[in-house]
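Student: First the structure, then my questions, so here it is.
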Amino acid sequence: MIIRKEIDIHAPLTDSQRKMLETIKDRPIEFDEDCPALTKEQLTQLRRVSEERRAERCKQTVSIRLSPQALATAKSLGKGYTSILSRILENALKDIDTIRNNL
């Protein structure tokens, strides 16, 4: 079960919140044994995966002619409809049956 509660971060702390913070401020930090701290050697091995794959993710601008119905349906999806169209095309082009059915 998920419980959501909105908190106004600009509101002043209540007495119970202040008391809770006071009681835990002197508690020692407990590290999670399932997630140990990384060593300096491990940290030097980290690298941005996004930088390596930038070229394959870089989108190119193309012109494409769509029927008015297809364009209206795409635009009805709201902001980002061109990205959705791109994903639809990628998925359709991976499926040989979809390609054959539309030739």
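Just so we're aligned, residue -8 is where the sequence shown starts under our numbering, counting upward by one. The beta carbon of each residue, even a glycine, is placed where N, CA and C say it ideally should be.
1. Using the three-state DSSP reduction, which class does MET11 fall into: helix, strand or coil?
2. One question on the structure: do LEU76 and ALA65 come within less than 8 Å of each other, judged by their Cβ atoms?
3. Starting from the Cα of ARG48, find the closest Cα among THR30, GLU81 and ILE20 and give me that residue.
4. In the DSSP assignment, find the alpha helix (DSSP H) that holds ASN93 and state where it starts and stops.
Tutor: Concretely, from the data shown:
1. Looking at MET11 - three-state DSSP - the assignment turns out to be helix.
2. Yes; because the gap between Cβ atoms is below 8 Å, this pair is in contact.
3. Residue GLU81 is the option with its Cα nearest to ARG48.
4. Where ASN93 is concerned, there is no enclosing alpha helix (DSSP H), given that its DSSP letter is neither H nor E.
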